[in-house]
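S.K.: Same order as they appear, the protein sequences are chains A and B.
The first sequence finishes on residue 303 if you use the numbering used here, and the numbering steps up by one all the way, no holes.
The second sequence finishes on residue 255 if you use the numbering used here, and the numbering steps up by one all the way, no holes.
Backbone N, C-alpha and C define an ideal beta-carbon position, used for all residues, glycine too.
Everything numeric in this text was worked out from a predicted model, so none of it was measured.
Can you read through this structure? Questions will come right after.
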Amino acid sequence: MRAIFSRTLLARARESDFVFLTGDLGFMALEPLRDAARERFINAGIAEQNMVSVAAGLARAGLRPWVYSIAPFLYARAFEQIRNDVCMHDLPVFLVGNGGGYAYGVMGPTHHAIEDYGVLLGLPNLTVCVPAFAADVPQAVSRLTAAARPAYLRLGRDETPGDFVVPAYGPWRRILSGRGAAVLVVGPMAGGILAAAQTLPESQQPALWVVSELPIVAAEIPAAFAADIGRSGHLIVVEEHVAQGSAGASLAHALLCAGTTPRRFTHRFARGYPSGHYGSQLYHRQECGLDPASILKLLTNTQ
Amino acid sequence: MRDILRRARLRLLKMHFESGVGHIGGNLSALDMLLTLHHRIMGRDDQFILSKGHAAGALYITLWSLGRLTEEQLATFHKDHTKLGGHPVPRGIPDIPFAIGSLGHGLGLAAGLALGKRLRGQPGRVFCLLSDGEWNEGSNWESLTFIAHRNLREVVLLVDLNGLQGFGSTAEVANLGSLGNKLKEFGLEVREVNGHDTDAIEQALKAPLADRPVALVARTIKGRGVSFMENKMEWHYLPMTAEQYQMAIEEVSRL
């Protein structure tokens with residue numbers, strides 16, 4: 001997703017309010033953007049707290065900064081700057097965290113982002129955007145730019161199935177209209193789960209949904225999604241994020257408040273490092289029951 | 001200027017007394033610098049960032065002395081339903097662009113504003129007032145590196161070197177030695193002044209711009225102008241009793 005993100009911004013690099021800051025990351029990826037944006041491309045060094053404060057100052061001066069780093073270096077290291085300098089002032093600063101969830105794999109847990117949006121969604125004025133497919137990125141960038149408010153864009157590795165035609169980007173999308181359980185996925189895992197679900201007999205296929213913008217707002221939950229929950233009575237939420245502050249938790253809260261609770265609720269979420277051992281993104285997903293095979297098993301066992 | 005200083009000091013004491021608020025020591029150390037800067041130095045295109053947010057009272061009084069805050073607004077200081085919090089609040093009043101209370105934020109914000117001016121081809125400087133204890137915060141050294149590396153001459157640092165911080169003297173808590181030398185070593189031009197000598201402050205800030213960012217390092221006295229408060233740790237926090245307030249205004253009135 002980083003490549004398409006870089007190309008998307010490249011097309012905006014000459015806009016009058018464009019400015020891009022990186023925390024000394026982007027080797028072999030952001031060079032074209034650096035060359036095109038020239039003085040508007042700022043390598044702020046390995047100093048994320050200052051980078052976010054500078055971005056807030058730039059936004060106050062009328063620019064719309066993009067701020068890029070490996071996800072936890074941004075949201076965890078510079079949390080107070082995000083909170084005080086950006087969010088409290090409702091400034092158009094777009095934080096871009098690369099490596100959502102376990103994407104950095106065996107690079108280790110310091111590089112993982114499994115509590116990012118839970119942490120950030122407690123802040124005022126901020127929207128979280130989690131593209132599910134690489135094809136979402138240009139439209140997501142357009143939406144964030146147009147909204148001109150604090151945002152966190154969580155980028156992962158693209159897992160779009162080869163033959164899948166990605167529907168136009170939106171906060172909520174149904175990508176498979178099965179008659180089975182209603183499944184809501186956050187982020188790129190949707191691709192692998194879609195491919196796995198399509199191997200099921202049609203009668204067992206889920207109603208597979210993707211949510212790409214958080215927080216979940218009760219009034220924006222599509223009626224068709226509620227209908228899918230109502231029909232099967234079983235809601236499954238799958239996300240590469242810890243339970244605290246998760247999309248699943250906020251969806252459950254919204255549904256409870258609305259009085260539309262499913263008969264059964266299954267939440268698959270990041271459980272940290274249960275074995276105390278480390279590996280690829282898939283390894284960690286498997287440990288947490290988040291990989292396509294585990295989800296497939298869940299779907300076939302609940303029919 | 002002398003009259004402005006006296007009136008402002010009296011009004012600051014009154015405001016803190018009426019609201020029962022402490023933090024007066026660090027306001028009194030910064031007040032002369034704030035007044036000189038705003039009355040004698042800053043132009044229409046210039047901006048100011050108060051990094052030591054606990055000197056909010058001194059900033060409010062400075063804005064009041066310029067006619068940008070009213071008596072009615074000052075009367076709300078530190079009370080319910082106010083826009084004048086103990087530290088500047090977000091989107092409170094137009095002259096204060098950022099809420100700052102946690103230390104180590106102002107310099108980065110000033111750098112961003114200055115860089116924004118540069119990128120947009122706009123004139124003006126960004127003055128940023130910091131405390132001395134605040135240099136414990138690592139983020140300031142990040143910002144300093146950024147400012148020096150980019151030669152952001154639009155940023156002017158003012159450091160209120162009163163020698164006392166939250167729970168001890170700066171020398172006891174985390175001794176930095178000579179802050180001026182450290183700033184020089186980072187590549188700034190350092191101008192050291194007595195932070196209560198308004199002529200010296202004015203001269204230092206009006207001196208020809210250097211080819212590098214300037215830091216005004218101002219030696220100050222916490223609680224300046226009220227002898228029983230001067231250089232006393234407790235006046236970082238304590239509110240005044242009625243008796244203390246009377247003593248304070250009598251002394252300041254004679255200034």
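S203/A to V185/A, Cα distance in whole Å?
M.R.: 20 Å
S.K.: Rounded to the nearest angstrom, what separates L5/B and L63/B at their Cα positions?
M.R.: Cα to Cα, the separation comes out at about 13 Å.
S.K.: Can you name, in chain order, every residue of its own chain whose Cβ lies under 7 Å from the Cβ of N27/B, other than the five neighbours on each side?
M.R.: L12, A55, G57, A58
S.K.: If we count Cβ pairs, one from each stretch, closer than 8 Å, do we get three or more for the region 126–136 of chain A versus the region 220–227 of chain A?
M.R.: no
S.K.: Please list, in chain order, all residues of the same chain as G233/A whose beta carbon is under 8 Å from its beta carbon, the five residues on each side excluded.
M.R.: P262, R263, R264
S.K.: Which residues in the same chain have their Cβ closer than 6 Å to the Cβ of G108/B, if we skip the five residues on either side of it in sequence?
M.R.: S143
S.K.: Let's test the definition: count the other Cβ atoms within 10 Å of the Cβ of D160/B and tell me whether it reaches 16, buried, or not, exposed.
M.R.: buried
S.K.: For the region 85–102 of chain B against the region 28–36 of chain A, do three or more pairs of beta-carbon atoms, one drawn from each stretch, fall closer than 8 Å, so that the two count as touching?
M.R.: no
S.K.: What are the boundary residues of the alpha helix (DSSP H) that T253/A is part of?
M.R.: The question names Thr, but residue 253/A in the sequence shown is His. First-last of the alpha helix (DSSP H) with H253/A: 247–258.
S.K.: Does any residue of chain B have a CB that is nearer than 8 Å to the CB of M28/A?
M.R.: No, because no Cβ of chain B sits closer than 8 Å to the Cβ of M28/A.
S.K.: Mind pulling the chain A residues with CB within less than 7 Å of K117/B?
M.R.: A61
S.K.: Quick one: which residues of the region 203–219 of chain A get their C-beta closer than 8 Å to a C-beta of chain B? List them in chain order.
M.R.: none
S.K.: So N162/B packs on I221/B, CB below 8 Å; how close in whole Å?
M.R.: 6 Å
S.K.: How about R60/A and L91/A: do their beta carbons lie closer than 8 Å?
M.R.: By the CB criterion at 8 Å, R60/A and L91/A fall inside the cutoff.
S.K.: By the three-class DSSP mapping on this structure, what secondary structure does Q244/B have?
M.R.: Here DSSP, grouped into helix, strand and coil, assigns Q244/B to helix.
S.K.: Can the beta-carbon of T127/A be found closer than 8 Å to that of A147/A?
M.R.: yes
S.K.: At a cut of 8 Å, does the region 120–134 of chain B reach the region 96–113 of chain A through at least three beta carbon pairs?
M.R.: no
S.K.: Can you pull out the residues from the region 47–58 of chain A whose beta carbon lies closer than 9 Å to at least one beta carbon of chain D?
M.R.: The structure shown has no chain D; the protein chains it does contain are A and B.
S.K.: Can you tell me where the alpha helix (DSSP H) holding A55/B begins and where it ends?
M.R.: Taken as a continuous stretch (DSSP letters only), A55/B belongs to no alpha helix (DSSP H), as it is neither H nor E.
S.K.: How big is the Cα-Cα spacing for N175/B and R40/A?
M.R.: 38 Å
S.K.: Contact criterion: CB-CB distance below 8 Å. Does D136/A meet it with respect to chain B?
M.R.: no
S.K.: Run through chain A and tell me which residues come within less than 9 Å of T145/B, C-beta to C-beta.
M.R.: G45, A47, N50
S.K.: Return the CA-CA distance between N181/B and T170/B, expressed in angstroms with no decimal places.
M.R.: Answer to the nearest angstrom: the Cα atoms are 16 Å apart.
S.K.: Report the start-end ranges of each alpha helix (DSSP H) in the region 132–204 of chain B that is 4 residues or longer and not cut off at the edges.
M.R.: 138–149, 170–174, 179–185
S.K.: What's the C-alpha gap between L304/A and A249/A?
M.R.: With chain A running from 1 to 303 in the structure shown, residue 304/A is simply not present.
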